[in-house]
Each structure stands twice: as structure tokens, then as C-alpha cells.
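Written out below as C-alpha cells is the structure these notes cover.
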Amino acid sequence: MIEPVDLGADTPDDDRDRGILLYDYSKHLLSIALLAIGGVITVTQSAGGKAIQPLLVGILLAAFGISGALALSASSAILQARQNRQALGSKAWIYIRAATGFLGMGVGGFLVVWFSILF
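Under the UniProt record's numbering, read the sequence shown as residues 1 to 119, first letter to last.
Okay, here's the thing in C-alpha cells:
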């Protein structure tokens, strides 16, 4: 007979699993931020994109750049905790939340700018 698994119960490997998932998520956010930076630069080289004010382009690039830097910082915090054989602290989680916020600001800003050019 198969016994049901209590998904609410913590196991000794839960912190390790959370760290691995957070590390993967931080790599994912870094990749998205880098792709977004490349996308903004590519769009600004197009005929319609040349109408975007340089200040707005700078703000978008800064938001995506900060997001990438925070995601990389989260990865670093996770790796340092693993290297020192310590539990994952709250610093990595704060970095990830901030990286996600800046990525959202960048995407939202890009959509506002792009739609204002299109319409």
C-alpha cells in the first residue's frame, strides 16, 4: 500500500531544495534581464524605436541592469551559503524579490513606451 506524503511537513532537505530552486530562479531572472537589455537596444535601433527619448531608454536599461545585478547577487549569496555549509539566509530572498520588482518595472515601462509609439 502506498502511504500518502504530507507535503506540509518539513524534511531535513527542504532548505537545500529551496536553495536549489532559488538558484535556478535567479539564473532564470538573470537570463531574462540580459535578453531584455538586448531587446531594448535592438528596438531602439529600429525606425520606430529611434523616437524613444534617450532618457527613457536609459531608465529601461537601468531597471533591467539592476534586476540582473540583483539576480546575480542572489546567486552569489546562495553559493556562499553552500560553500560555508550554512543555511540560506534571508539576503538571497530579498535580492530575488527586488530583482523581480525591477524586472517588472522594466517590462511595464517598456510596454508603456512601446505602445505610446505604436498608437
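Every residue gets a Cβ at the ideal spot worked out from N, C-alpha and C, and that includes glycine.
Would you kindly work out how many angstroms separate the C-alpha atoms of Y95 and Q80, rounded to a whole number?
-> Residue mapping note: residue 95 aligns to position 95 of the sequence shown, counting from 1. Residue mapping note: residue 80 aligns to position 80 of the sequence shown, counting from 1. The straight-line gap from Cα to Cα measures roughly 14 Å.
Return the Cβ separation of L70 and F102 in integer angstroms, given the expectation that the two are a contact with Cβ distance under 8 Å.
-> The residue given as residue 70 occupies position 70 in the sequence shown. The residue given as residue 102 occupies position 102 in the sequence shown. Between F102 and L70 the Cβ distance is about 7 Å, and since that is below 8 Å, they are a contact.
Grab me the residues of G65's own chain with a C-beta within less than 8 Å of its C-beta, minus the 5 sequence neighbours each way, in chain order.
-> For the purposes of this step, residue 65 is taken as residue 65 along the sequence shown, with counting starting at 1. Excluding positions up to five away in sequence, the list reads A33 and I37.
Whole-angstrom Cβ separation of A63 and A99, contact assumed at under 8 Å?
-> Numbered from its first residue, the sequence shown carries residue 63 at position 63. Numbered from its first residue, the sequence shown carries residue 99 at position 99. With 8 Å as the limit, A63 and A99 do not qualify as a contact, their Cβ atoms being about 11 Å apart.
Length of the line joining the Cα atoms of L118 and S26 = As a first step, residue 118 is located in the sequence shown; it is residue number 118 there, counting from the start. As a first step, residue 26 is located in the sequence shown; it is residue number 26 there, counting from the start. One C-alpha to the other measures close to 33 Å.
Which term fits A87, buried or exposed, when burial requires 16 or more other beta carbons within 10 angstroms of its beta carbon?
-> Stepping through the sequence shown from its first residue, residue 87 is reached at position 87. The residue is exposed, with fewer than 16 neighbouring Cβ atoms inside 10 Å.
What number of angstroms, rounded off, separates the C-alpha of G104 from the C-alpha of I52?
-> Sequence index remark: in the sequence shown, residue 104 carries index 104 (1-based). Sequence index remark: in the sequence shown, residue 52 carries index 52 (1-based). Rounded to whole angstroms, G104 to I52 spans 19 Å at the Cα level.
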